[in-house]
Amino acid sequence: KFTKVILASSPGVSDPPRSAPLKYIPYMMPLGWNLNQRYWVDWAAWKPDPFRPVYREKNFLNTWPSRFSYHGKSRFVPLVNIRYSPQALEEAIKLIPDGARFFSSGLFKDVRRPPRRIKAYSDGIVHDWWLNYWTLHSIRYQLKLCHNHLNKETKRLLEETSPEEDARRMVSNYDEYRMYVDYEETKLARDHRSRWINVHRSLQGMSTKIKQSNEENRYYAHKKKQDEFWSARKILINRVKAMRHSGSDVSSADLPVPTFRIRAFELE
């Protein structure tokens, strides 16, 4: 009765008929039947997803781990990439007019650090390299590094004469030159300030507490007076009731309260 009929299946109405016979079918592809990875016929072998742009500003490689872009504050990129030989550094020093006075008398300290909004840029050793802050201090650091390999006059020219040789500030490689921070006084001022801030905060809290406790004290004094009054009144009422009950006729003239209505007490 129920006969399984297998009809010839067409590809479907969605794809149009082809005018030419097929050149390639999926299993002839190098990766088999998987059409999502076709690298031979597809003109964009390097572009797996046709709907994703090729240039991505933050792609996987330069976002994680951050090796090409987006470095944190601690990233240090040397502005002077060239590592000069001691002889080249000596020639560069000879380039400076009055080079001996430039380093020994601290003239190099007059070259100001450019402001932060100006991008740090260094041209290396060019005709006026001692006027560029970053080049100057990079080369000075290289001079410090190769100090043993310099000749005598260059060493004499580079020696820094500081009046206090024993009390000299520690410097690091990553240092802002000519910046003096008075750590002791600043710390004194800062913790004095924070102490007074804390004092005022606690005083603020204490004034609130004092206000509340004053209100409570006033309320409790008032309530004590009230309670004393009502308890005394109750005692008086009970005594008057007892006297009336025992048969003695008490008038308001006999009682210590001048305006005293016995009828009102009897109603209670």
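In terms of my numbering, the sequence shown opens at residue 1 and continues consecutively. Even for Gly, the Cβ is constructed at its ideal location relative to N, Cα and C.
Check                                                                                                                                                        : Outcome
Which residue's Cα is closest to the Cα of leucine 136: Leu95, Gly247 and His149?                                                                            : Leu95
Check whether the Cβ atoms of arginine 91 and leucine 150 lie closer than 8 Å to each other.                                                                 : It is glutamate, not arginine, that sits at residue 91 in the sequence shown. Result no, Cβ atoms of glutamate 91 and leucine 150 do not sit closer than 8 Å.
Quick test of the definition: if touching needs 3 or more C-beta pairs under 8 Å, does the segment 115 to 128 touch the segment 178 to 198?                  : no
Considering only their Cβ atoms, is the gap separating tryptophan 129 from phenylalanine 102 smaller than 8 Å?                                               : no
Which value, in whole angstroms, describes the spacing of the CA atoms of lysine 144 and arginine 190?                                                       : 36 Å
Would you say tyrosine 133 and arginine 116 are within 8 Å of each other, going by their C-beta atoms?                                                       : no
Excluding the 5 residues flanking tyrosine 174 on each side, which residues of the same chain have their C-beta closer than 8 Å to its C-beta?               : Phe76
For the alpha helix (DSSP H) containing threonine 3, name the first residue and the last one.                                                                : Here threonine 3 belongs to no alpha helix (DSSP H), and DSSP marks it neither H nor E.
Taking only three categories from DSSP, how would you classify isoleucine 139?                                                                               : helix
Find out if the Cβ-Cβ distance for the pair arginine 193, lysine 109 is shorter than 8 Å.                                                                    : no
Cα separation between threonine 63 and arginine 56?                                                                                                          : 11 Å
Any idea if glutamine 87 is buried or exposed, counting beta-carbon neighbours within 10 angstroms, 16 or more meaning buried?                               : exposed
Using the three-state DSSP reduction, which class does glutamate 159 fall into: helix, strand or coil?                                                       : coil
For the alpha helix (DSSP H) that contains glutamate 91, what are its first and last residues?                                                               : 86 to 95
Anyone know if the C-beta pair for valine 80 and serine 138 falls short of 8 Å?                                                                              : yes
Buried or exposed for threonine 154, please, with buried defined as at least 16 other CB atoms from any protein chain shown within 10 angstroms of its CB.   : buried
So for leucine 150, helix, strand or coil by DSSP?                                                                                                           : coil
According to the neighbour-count rule (16 or more other Cβ atoms, all chains shown, within 10 Å of its Cβ), is glutamine 226 buried or exposed?              : exposed
Does the distance from the C-beta atom of valine 240 to that of valine 250 stay below 8 Å?                                                                   : yes
Please look up how many angstroms separate the CB atoms of arginine 83 and glutamine 142, rounded, as I've assumed it's under 8 Å.                           : 7 Å
Are the beta-carbon atoms of serine 104 and leucine 61 separated by less than 8 Å?                                                                           : no
Residues in the same chain with beta-carbon distance under 7 Å from glycine 124, minus the five sequence neighbours each way, listed in chain order, please. : Val80, Ile82 and Thr135
Roughly how many whole angstroms lie between the Cα atoms of proline 11 and arginine 52?                                                                     : 28 Å
Cα separation between aspartate 15 and lysine 58?                                                                                                            : 37 Å
Could you tell me whether the Cβ of histidine 127 comes closer than 8 Å to any Cβ of chain D?                                                                : No chain D appears in this structure, which consists of one protein chain only.
Expressed to the nearest angstrom, what Euclidean distance is found between the alpha-carbon atoms of methionine 29 and leucine 7?                           : 29 Å
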